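Everything below concerns the one structure shown next.
Structure, rendered in structure tokens:
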């Protein structure tokens with residue numbers, strides 16, 4: 075092999091010494107390629123050997139390679155299927171292993187190869203997509219300045235070459251989409267490979283081809299997020315103290331908290347959960363991909379493309395995330411998009427979820443998931459205006475009221491799962507947003523009818539939610555219209571875990587705080603934590619006094635959800651005497667509430 | 008330009024019952040899946056379509072229950088380039104070794120140097136690469152020009168055309184149209200326009216969820232006329 079290479083060099087050196095023009099070299103290379111069909115492969119093999127050398131250090135070797143690539147570029151119409159070894163050598167070259175000169179010459183050749191006959195388009199696209207990720211030897215230097223420079227050198231060239239090919243062969247765009255998805259590394263791949271590949275997919279979407287590849291790229295990224303999400307089992311995050319209520323569990327991360335007072339109340343289970351997740355390889359991969367996606371969404375917002383991107387994300391949400399059984403983290407991609415553009419995206423998302431819930435022809439499971447998402451979203455989205463929340467609540471209450479009017483008798487709870495999930499959603503949102511709701515008189519009376527209906531939603535819905543709701547409702551005098559309403563008569567019954575079914579959809583709160591540490595930093599400013607909520611009752615007077623109800627109700631009106639920001643530091647944290655859950659029922663399957 | 012024709016096709020689209028609440032959209036989706044792909048039944052690439060539903064009563068199909076078939080009468084715009092046809096495309100890249108074109112905005116075509124007649128010389132003028140005719144200095148081929156060329160072959164998989172500028176009646180359309188008498192151009196381009204008459208070609212087969220049970224394709228008649236012209240000349 076070594077001798078062979080020496081010969082090649084000698085041949086080419088001879089040519090150089092004879093001061094051949096570029097044209098002469100081009101003709102020579104054409105002759106070499108044509109001679110293969112005549113059975114003369116000596117020079118051809120030497121040419122292949124030049125392409126095949128992996129390590130090139132000497133400048134003359136690099137010059138030889140560049141000259142060969144340029145000559146092949148001019149003679150590309152002579153390359154056909156009988157030059158399989160040459161094609162394999164060219165397409166097997168890795169851009170990451172070469173300098174700028176070789177990269178440029180190689181990519182010019184690739185463009186010509188792809189566009190001249192059409193039959194090598196797929197192979198050329200595949201070669202370029204293969205260069206989305208570096209060889210494993212680059213792992214250690216990727217974060218160094220040299221690695222970052224190299225990465226930009228390679229990727230900018232790869233993407234511009236893809237653009238050049240698709241300009242000349244328009245239908246190559248369709249093939250590129252398919253190829254990028256086919257070549258997507260599995261979620262078991264290493265984190266840096268996944269991150270680099272996703273970065274390239276998003277870069278492709280942001281580029282000139284975005285219009286054509288957007289749907290395929292974004293859907294594929296969401297699929298990958300879900301794959302990783304589902305690899306993180308609930309066992310990895312369930313470190314649960316079931317004696318704690320779902321509202322009591324949740325607190326912000328200790329590292330990020332600026333309020334020193336909070337530190338004393340950090341809940342042990344949550345810390346355990348985060349620590350145990352920290353060791354989870356899939357969680358780390360997911361975290362870094364989520365961060366990439368968040369940054370990409372920010373760039374879309376800055377570039378005015380978020381609305382288009384969001385439409386694709388919404389479709390992907392319906393197709394992938396919503397049907398996934400209790401997705402834990404992937405849904406925050408949508409949440410973050412909504413946070414970046416609450417007026418459009420934020421409203422669209424809430425509306426879509428409500429539409430799914432109200433749609434009679436959709437499967438029950440899907441409707442219950444949708445309303446669980448809606449409840450969690452309305453409760454947690456700090457960016458949502460009070461009017462949006464109240465409008466959604468009006469729609470939910472209206473639907474539940476219509477449902478009640480059509481029903482007679484108690485019936486089995488699992489025959490009315492969708493209704494109960496709707497009722498629980500209303501109560502859950504009200505636990506967070508009671509103060510915004512106390513003024514809406516019409517809703518209060520409608521809600522009273524629903525809650526006192528024979529279907530007894532208060533007896534069936536998750537006791538923790540019911541109790542927190544009743545406690546706040548009582549303090550806020552929500553149902554002053556009836557003196558007969560007994561707030562304490564709705565204890566847990568045998569029915570109380572029935573409507574969620576085996577899947578326990580009654581305990582699915584998809585937008586509970588995100589346990590992925592890096593992602594959480596992006597979400598935190600847009601998130602309503604339970605500690606930020608001002609319940610209508612006074613913590614120091616847990617049992618509440620009926621005499622104070624009126625005064626409290628007046629005081630609510632001075633506050634609005636939008637004032638949370640300023641009042642954050644003054645707020646009470648989790649109620650110290652919050653309601654206790656029966657130990658046999660987990661308070662929530664959501665991570666931080668365990 | 009040759010290679011384009013309108014065909015009448017009688018189709019049966021197979022639809023899933025879940026699509027029964029919006030049949031029209033479902034048919035659009037099915038027919039759209041035919042677009043920009045070569046289809047052997049139609050012997051061409053479907054570029055556009057319009058359709059009428061023949062019967063409001065769809066037929067539940069025996070054997071592939073629960074699908075039901077909707078009968079359509081569709082008009083299809085087909086692109087079927089064949090060797091020796093004259094096509095037109097926009098030049099998007101030039102080099103000494105090849106001219107790259109895009110036909111109808113989607114199909115790529117390449118003319119390699121061997122298929123460029125010797126009359127054309129490659130030059131770089133004011134940093135712009137052009138092919139200039141030795142005999143007619145104003146006959147220039149440069150990026151952005153529309154070119155008339157002869158089809159050598161058509162790759163049905165990637166819809167790539169291999170073309171030729173060897174015949175004298177090929178080159179820049181702008182120049183050819185102004186100097187049509189100077190080149191011995193066969194009376195071919197006009198023929199494509201008159202070919203609205205149709206012969207009936209029976210084709211059977213299933214395309215995805217669409218079954219073709221008859222197609223009127225005007226392309227065949229053009230071909231036979233062309234052959235006749237060649238025989239006469």
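Residue numbers (the working numbering), protein chains in the order written: chain A, 75 to 668; chain B, 8 to 240.
Quick reminder that beta carbons are idealized off the backbone N, C-alpha and C, glycines included.
Predicted model, so just to flag it, every value in this text is computed and none were measured.
query                                                                                                                                            : result
Enclosing alpha helix (DSSP H) for residue 386 of chain A [first to last residue]                                                                : 380–390
Buried/exposed call for residue 405 of chain A, threshold 16 Cβ in 10 Å                                                                          : buried
Neighbourhood of residue 78 of chain B by C-beta, 6 Å cutoff - its chain only, sequence neighbours within 5 removed                              : 19, 61, 62
8 Å Cβ cutoff met for residue 205 of chain A and residue 168 of chain A                                                                          : yes
In chain order, each beta strand (DSSP E) run of at least 3 residues that lies wholly inside the segment 475–546 of chain A                      : none
Within-8 Å CB hit, residue 193 of chain A to chain B                                                                                             : yes
Buried or exposed by the 16-neighbour rule on C-beta atoms within 10 Å, applied to residue 226 of chain A                                        : exposed
Check whether residue 523 of chain A and residue 453 of chain A have beta carbons under 8 Å apart                                                : no
Below-8 Å beta-carbon distance, residue 166 of chain B vs any chain A residue                                                                    : yes
Exposure of residue 112 of chain B, with buried meaning 16 or more beta-carbon neighbours within 10 Å                                            : exposed
Where the beta strand (DSSP E) containing residue 241 of chain B begins and where it ends                                                        : Nothing about residue 241 of chain B can be read from this structure; chain B reaches only from 8 to 240.
Nonlocal neighbours in the same chain, by C-beta distance under 6 Å from residue 44 of chain B, ignoring five residues either side               : none
Listed by chain order, chain B residues near residue 148 of chain A by CB distance under 9 Å                                                     : 102, 103, 104
Residue 480 of chain A, buried or exposed, once every other Cβ within 10 Å from all chains shown has been counted against 16                     : exposed
Residue 243 of chain A at chain B interface by Cβ criterion, 8 Å                                                                                 : yes
Per-residue burial, residue 433 of chain A [other beta carbons within 10 Å of its own, 16 or more giving buried]                                 : exposed
Candidates B:117, B:92, B:52, B:124, of which the one nearest residue 86 of chain B by Cα                                                        : B:52
Outcome for residue 359 of chain A when other beta-carbon atoms lying within 10 angstroms are tallied against a minimum of 16                    : buried
Cα-Cα separation between residue 161 of chain A and residue 107 of chain A, rounded to whole angstroms                                           : 12 Å
Of the residues A:178, A:158, A:198, A:422, the one placed nearest residue 137 of chain A, counting alpha carbons only                           : A:178
Reduced DSSP secondary structure (H/G/I, E/B, other) of residue 53 of chain B                                                                    : strand
Pairwise C-alpha distance: residue 175 of chain B and residue 143 of chain B                                                                     : 12 Å
Rounded distance between the beta-carbons of residue 437 of chain A and residue 494 of chain A, thought under 8 Å                                : About 16 Å separates the two Cβ atoms, so there is no contact after all.
Inter-residue CB distance, residue 183 of chain A and residue 146 of chain A (contact presumed, cutoff 8 Å)                                      : 6 Å
CB contact check: residue 151 of chain A to chain B, cutoff 8 Å                                                                                  : yes
Between the CA atoms of residue 235 of chain A and residue 181 of chain A - distance to the nearest angstrom                                     : 7 Å
Residue 607 of chain A, buried or exposed, once every other Cβ within 10 Å from all chains shown has been counted against 16                     : buried
Interface partners of residue 34 of chain B on chain A, CB under 8 Å                                                                             : Residues of chain A passing the Cβ test: none, with the nearest at roughly 21 Å.
Residues bridged to residue 117 of chain B (per DSSP)                                                                                            : B:107, B:169
Contacts around residue 74 of chain A, its chain only, beta-carbon distance under 6 Å, and the 5 residues preceding and following it disregarded : Past the boundaries of the shown model lies residue 74 of chain A; chain A is included only from 75 to 668, so the question cannot be answered.
Given residue 84 of chain B as reference, the closest of B:57, B:167, B:27 once Cα atoms are compared                                            : B:57
Contact with chain A by residue 162 of chain B, beta-carbon distance below 8 Å                                                                   : yes
8 Å contact criterion, which residue 157 of chain B and residue 170 of chain B should meet: CB distance rounded                                  : 6 Å
Within-8 Å CB hit, residue 381 of chain A to chain B                                                                                             : no
Under 8 Å between C-beta atoms of residue 172 of chain B and residue 122 of chain B                                                              : yes
Closer than 9 Å at the beta carbon, the chain A residues around residue 113 of chain B                                                           : 244, 245
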